[in-house]
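Counting from 1, position 44 in the sequence shown corresponds to residue 50 in the numbering used here; the numbering is continuous, with no gaps.
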Amino acid sequence: MEIILWIVFGGLVGWIASLIMKTDGDQGAVLNIVVGIAGAIIGGFIMNSFGGNAVTGFNFYSFIVAILGAVVLIFTIRVLRRV
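Right under this line is the structure:
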């Protein structure tokens, strides 16, 4: 059951991050899920680095942390593509 929650969570996070970064037209559902899950990992790492909590489950705080990580991921990929 947890894997289904991670897929749903990742899809929502990836979709919102793609809307924020205006890459929604370039990404499909699968890429949104991948970006969302990777964003949760990156966001958790960033928050741990600053002394905060990582992604702790399916709650609002974790949702914001995951969106932050997904936006950082999309931004980094954009920068690397330009080089």
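Ideal Cβ placement from N, Cα and C applies to all residues, glycine included.
Note that this is a predicted model, so its numbers are computed, not measured.
Which listed residue (the options) has its alpha carbon closest to that of residue i
{"i": "residue 69", "options": "84, 81, 53, 57", "result": "53"}
{"i": "residue 77", "options": "13, 9, 40", "result": "40"}
Simplified DSSP state of residue i, which is helix, strand or coil
{"i": "residue 99", "result": "The shown model of the chain, from 7 to 89, leaves out residue 99, and the question about it has no answer."}
{"i": "residue 27", "result": "coil"}
{"i": "residue 59", "result": "coil"}
Exposure of residue i, with buried meaning 16 or more beta-carbon neighbours within 10 Å
{"i": "residue 55", "result": "exposed"}
{"i": "residue 65", "result": "exposed"}
{"i": "residue 59", "result": "exposed"}
{"i": "residue 72", "result": "buried"}
Nearest-angstrom Cα separation, counted from residue j out to residue i
{"i": "residue 8", "j": "residue 18", "result": "15 Å"}
{"i": "residue 43", "j": "residue 81", "result": "16 Å"}
Proximity test, residue i beta-carbon vs the ligand COA heavy atom, cut-off 7 Å
{"i": "residue 53", "result": "Inclusion of the ligand COA in the displayed structure is not the case, the ligand content being empty and no account of it being possible."}
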